[in-house]
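Visitor:
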Amino acid sequence: MNEYNLSHREFGDQRIIRVRDVMMDAYAMVEGVTTVADAIVIAKQRQVKALIVNKRNADDEYGIVLMNDIAKQVLAQDRSPKRTNIYEIMTKPALSVSASMDVRYCARLFERFGISRAPVIEDGKVLGMVSYNNIVLNGMLHD
Numbered sequence: 001m002n003e004y005n006l007s008h009r010e011f012g013d014q015r016i017i018r019v020r021d022v023m024m025d026a027y028a029m030v031e032g033v034t035t036v037a038d039a040i041v042i043a044k045q046r047q048v049k050a051l052i053v054n055k056r057n058a059d060d061e062y063g064i065v066l067m068n069d070i071a072k073q074v075l076a077q078d079r080s081p082k083r084t085n086i087y088e089i090m091t092k093p094a095l096s097v098s099a100s101m102d103v104r105y106c107a108r109l110f111e112r113f114g115i116s117r118a119p120v121i122e123d124g125k126v127l128g129m130v131s132y133n134n135i136v137l138n139g140m141l142h143d
């Protein structure tokens, strides 16, 4: 079976669209000790709306920081972005999804946990990011 058949397996009348089919390969990874100011620069350079926070060691988990986390926890709280570290505002562990997950289940997971994007992880490595936007724009009318 080729990769196309694995990724686009027919299910009754409906073709299954996988997270790998709609995710964005572009992502940015930062360390927890990165300042919010530096993280903003990285996010602008990489044109991403969320940053994945790297594991400290093999037994650790990835974290995530969204731009709205920065707005709510730094800007709105009048904290200095130069003196606030990412680890102070990140969500950890980050809820992640598998590249082989059906996008319908991914959307249900997002709804259930109140999130809008997640890292795509396979074999312990980050492959990219997926969001509601990716699912709707790249998956709902997928041919």
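The sequence shown lines up with residues 1 to 143 when you count with the UniProt record's numbering. Where is the CB? At the ideal position from N, CA and C, for every residue including glycine.
1. Quick one: which unbroken beta strand (DSSP E) runs of 3-plus residues sit fully inside the UniProt domain "CBS" (90–143)? Chain order, please.
2. Starting from the Cα of I135, find the closest Cα among Y105, A71, V74 and D38 and give me that residue.
3. Judging by CA-CA distance, which residue of S131, F110 and E88 is the nearest neighbour of D25?
4. With distances taken Cα to Cα, identify the nearest neighbour of G63 among I70, D69, V53 and A71.
5. Between V103, D21 and R79, which lies nearest to E88 when the distance is taken from Cα to Cα?
6. Tell me the residue span of the alpha helix (DSSP H) that contains V19.
7. Going by beta-carbon coordinates alone, are S96 and P81 separated by less than 7 Å?
8. Output yes or no for whether 7 Å exceeds the beta carbon distance between T34 and I70.
9. Excluding the 5 residues flanking V22 on each side, which residues of the same chain have their C-beta closer than 7 Å to its C-beta?
10. Given that a residue counts as buried once 16 or more other Cβ atoms are within 10 Å of its Cβ, and exposed if not, what is G114?
11. Taking all protein chains shown into account, do 16 or more other C-beta atoms lie within 10 angstroms of the C-beta of V36, making it buried, or fewer, making it exposed?
12. Give the single residue among A99, M29, L75 and I17 whose Cα lies nearest to the Cα of R56.
13. Given 6 Å as the limit, tell me if Y27 has its C-beta closer than that to any heavy atom belonging to the ligand GDP.
Guide: So, from the data block:
1. 117–122 and 125–131
2. Y105
3. S131
4. V53
5. R79
6. V19 to V22
7. no
8. no
9. V103, V130, N134, I135, N138 and G139
10. exposed
11. buried
12. M29
13. Because no ligand of any kind appears in the structure shown, any question about the ligand GDP cannot be addressed here.
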